[in-house]
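J.:
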Amino acid sequence: MPEFRTTKTYDKYKKFIAEGHMKNVCQLCARKTLKEFKYWKILKNDFPWDLVAKVHDMLVPKRHVVEEKLTNPEKKEFDKIKKSYVEKHYGTIAESTRKKKSIPSHFHIHLLVARD
Numbered sequence: 192m193p194e195f196r197t198t199k200t201y202d203k204y205k206k207f208i209a210e211g212h213m214k215n216v217c218q219l220c221a222r223k224t225l226k227e228f229k230y231w232k233i234l235k236n237d238f239p240w241d242l243v244a245k246v247h248d249m250l251v252p253k254r255h256v257v258e259e260k261l262t263n264p265e266k267k268e269f270d271k272i273k274k275s276y277v278e279k280h281y282g283t284i285a286e287s288t289r290k291k292k293s294i295p296s297h298f299h300i301h302l303l304v305a306r307d
């Protein structure tokens, strides 16, 4: 059983991976944007942690980049977005550990509104 996903969502996620959708295209680069900033965008998570969250989006840099390669302007905007937009719309920010990230080559954090 997955940690934060219902069995239905987890099975959908595993099928998506098994069909090879994660092999040649970064899903974070290809996914539809909900909100856009200069260096960042917010995306809906297609495989949400639906056991614990009623809303699960992701904040990702527009550039395909790992966290260590973020520029100073990207870092500054990231901090600004967290303090303004994210605090108004979400209750929790979460980041997976490196070994648990499904897309380790594109930095992203999870934006959650917890279930009651």
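So the sequence shown is residues 192 to 307, counted in this note's numbering. Virtual Cβ for every residue (Gly too), placed ideally from N, Cα, C.
By the 10 Å Cβ neighbour count, where 16 or more other Cβ atoms means buried, how is K245 classified, buried or exposed?
T.: By the neighbour-count rule (16 or more Cβ atoms within 10 Å), K245 is not buried but exposed.
J.: Closer than 6 Å by C-beta to S287: which residues in its own chain qualify, once you throw out the five before and the five after it? Chain order, please.
T.: None.
J.: In the DSSP assignment, what residue or residues form a beta bridge with W240?
T.: Bridge partners of W240: none, in fact.
J.: Return helix, strand or coil for P264, following the three-state DSSP convention.
T.: Residue state, collapsed to three classes: helix.
J.: Return helix, strand or coil for H247, following the three-state DSSP convention.
T.: Correct three-state label for H247: strand.
J.: Express the C-alpha separation of L302 and S296 in angstroms, rounding to a whole number.
T.: Their backbone Cα atoms lie some 19 Å apart in a straight line.
J.: Taking contact to mean 3 or more Cβ pairs, one atom from each stretch, closer than 8 Å, check whether the region 219-236 and the region 265-276 are in contact.
T.: Short answer: they touch.
J.: Taking the alpha carbon of T283 as the point to measure from, which residue in T224, K206, K226 and W240 has its own alpha carbon closest?
T.: The candidate whose alpha carbon is nearest that of T283 is W240.
J.: Cβ of V243 within 7 Å of Cβ of F207?
T.: Going by C-beta atoms, V243 is not nearer than 7 Å to F207.
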